[in-house]
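Following my numbering, the numbering of the sequence shown begins with 66 at its first residue and continues without gaps.
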Amino acid sequence: MSIVKTRMERRIKRARKKIFGTAERPRMAFKKSLKYLYAQAIDDTAGKSLGIFTTASSDFKDLKSRKNVAAAVRLGEYAGKKLSDKKIARIVFDRRGRRYHGVVKSFAEALRKTGLAF
């Protein structure tokens with residue numbers, strides 16, 4: 066296993082000790098791959114997913130790149146709208162070991178613009 070992956074896993078473990086989602090305030094886990102962006106609202110008490118959002122879905126086919134800042138903003142707006150339809154107003158943001166800049170930051174700011182508090 067590479068050193069970078071091991072470091073990332075350590076950062077994720079360290080953060081997960083403090084971050085916990087409930088039904089009223091789910092954990093929004095954000096993942097970035099080489100091709101797509103993923104976000105998942107999770108209720109950790111029940112162990113259930115409240116919503117999965119990805120740029121791999123057909124709603125994002127018109128984008129030239131599905132992993133850049135523009136795609137993250139659009140994914141944040143989409144996820145925020147879907148969660149507000151489910152009457153969720155507050156979340157806990159889980160960066161999954163990534164720094165809060167670039168794609169992660171633009172996704173989080175787009176979520177805040179839709180009215181989600183965290």
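We put the beta carbon where it would ideally sit given N, CA and C, even for glycine.
Legend entry - Sequence ranges, alpha helix (DSSP H) only - wholly within the region 92 to 177, length at least 4: Listed in chain order, the complete alpha helix (DSSP H) runs (minimum 4 residues) inside the region 92 to 177 are 134 to 150.
Inset, instruction - Would you mind reading off the limits of the alpha helix (DSSP H) that contains Thr71? - result: Counting from one through the sequence shown, the residue named residue 71 turns up at place 6. For Thr71, the enclosing alpha helix (DSSP H) begins and ends at 68 to 81.
Inset, instruction - Measure the alpha-carbon distance for Ala111 versus Ala173 and round it to whole angstroms. - result: In the sequence shown, the residue the question calls residue 111 occupies position 46. In the sequence shown, the residue the question calls residue 173 occupies position 108. Between Ala111 and Ala173, the C-alpha separation is close to 24 Å.
Legend entry - Residues of its chain near Leu102, where Cβ-Cβ distance is below 8 Å and the 5 sequence neighbours each way are ignored: The sequence position of residue 102 within the sequence shown is 37, counting from 1. Hits under 8 Å: Phe95, Lys96, Thr119, Thr120, Arg131, Lys132, Ala136, Ala137, Leu140, Val168, Phe172.
Inset, instruction - Note down, in chain order, each residue of its chain lying with its Cβ closer than 6 Å to the Cβ of Ile117, except the 5 sequence neighbours on either side. - result: Counted from its first residue, the sequence shown places residue 117 at position 52. Here Ile117 has Gln105 as same chain residues with Cβ atoms under 6 Å from its own Cβ, once five neighbours each way along the sequence are excluded.
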